[in-house]
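Below is one structure, written out as structure tokens, with a few remarks after it.
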Amino acid sequence: RFATEIPEETRHMRCLPKHRWAILSLMTLAACNDITDFPGSDVTESRLESVLNFDVAMVSADALIEDVAELQLDFGNAMGGASTAPGETTSSAPLRPVREVTYYDADGREQDTYDGLTTASVHIVSEISGERARDNWSSSVSRTREITITGLEGTEVIRTANGTGSSTRSRSYHSDEHGDRSYEMSGASVITDVVRPVPQDENNPFVPRQRDLYPLSGTITRDVTVTVVNGRNGDETRVKHVVITFNGTQFVTMTVDGEPIKVDLAARRGHDPRRSRGGNGAPQPPNCRGNGP
5 RFATEIPEET RHMRCLPKHR WAILSLMTLA ACNDITDFPG SDVTESRLES VLNFDVAMVS
65 ADALIEDVAE LQLDFGNAMG GASTAPGETT SSAPLRPVRE VTYYDADGRE QDTYDGLTTA
125 SVHIVSEISG ERARDNWSSS VSRTREITIT GLEGTEVIRT ANGTGSSTRS RSYHSDEHGD
185 RSYEMSGASV ITDVVRPVPQ DENNPFVPRQ RDLYPLSGTI TRDVTVTVVN GRNGDETRVK
245 HVVITFNGTQ FVTMTVDGEP IKVDLAARRG HDPRRSRGGN GAPQPPNCRG NGP
């Protein structure tokens, strides 16, 4: 049950727990169906929307940490062609993406292997699927990415990544003080000019070797379509827009329809990477029973 209590005069109202949403998505969200004409209904709607935003941020943050792991792929140890390698190490059980890695020189000619001096760009196509869990959230994920990384030729100091990604046939479950919410998801993302520093052991004598070098700048955007089933107004669709902006640290700002949420790229394995949000604390939706499995 939600922690916040509905005013006495509205407690008799019945709650219908089934809703659907998506990450460019189809998901299912617990909310109230018969909350209609009483004082404060706009506030109730705002609170439900804020809960939805925070849950979208959870799914997006998990995908974001995978994105960053792809950008940190060690080309010196990666082979061309199809391969498998450990996924991001902060998940409860690291999934193993399947990658197709192709190297090119400055003239666009394909190379058999990576060369620290002559390789100018790398094209990566990856797929990852399996079960994922972080604190009160769990999901089955199926994600693909296509990324081109440029600026590799010579003793480079930075590299730049651009690309796209998608998520299909995903199911998600959230359970917390706001109730139980389950989802079916599909989505799309765009990686735009994400700049990553190059560590010392990859040709750059100016950046000391360390395990994690966080992107200096650039953005990743995700479009989220939320289809609510049997909601206050019947079936309805809402669109969410997620933007992640890098700043060179482990803490990045994600906005969901403009609402800022801080995300920790170094979140411990299996833990929620969301750290704080804008406004006056966590949302307090009306007292409804969730629709968990």
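Throughout the sequence shown, residue numbering follows the numbering used here, covering 5 to 297 in sequence.
Quick reminder that beta carbons are idealized off the backbone N, C-alpha and C, glycines included.
Computed from a prediction, not measured in an experiment: that's the story for all the values here.
Item, Value
"When V256, T106, G167, V228 are compared against Y118, the one with the closest alpha-carbon", "T106"
"Boundaries of the beta strand (DSSP E) in which T253 is found, first to last residue", "It is not in any beta strand (DSSP E) - T253 carries neither H nor E in the DSSP assignment."
"Residues near G158 by beta carbon distance below 7 Å, same chain, minus five either side", "L121"
"Contact set for D261: own chain, Cβ-Cβ below 7 Å, skip 5 residues either direction", "N57, K244, H245"
"Nearest-angstrom Cα separation, counted from L52 out to V199", "36 Å"
"Local conformation of E74 per DSSP, three classes", "helix"
"Whether A65 touches V267 by CB criterion (8 Å)", "yes"
"N166 - DSSP class collapsed to helix/strand/coil", "strand"
"A3, DSSP secondary structure in three states", "The chain is shown only over 5 to 297; residue 3 falls outside these bounds and no answer can be derived."
"Runs of beta strand (DSSP E) lying entirely within the stretch 102-177, each at least 3 residues, in chain order", "102-109, 123-138, 141-154"
"Within 8 Å, strictly: CB atoms of R149 and E74", "yes"
"Counted within 10 angstroms of its Cβ, other Cβ atoms place T253 as buried (16 or more) or exposed", "exposed"
"Proximity to Q76 [Cα-Cα], best of T241, R147, E114, I153", "I153"
"CA nearest to the CA of R242, picked from V126, V228, I162", "V228"
"Nearest candidate by alpha-carbon position, reference E271, set I69, V60, G167", "As written in the sequence, residue 271 is Ala, which differs from the Glu given in the question. Measuring from the Cα of A271, the nearest candidate turns out to be I69."
"Residue burial classification, D197 (beta-carbon count within 10 angstroms, cutoff 16)", "exposed"
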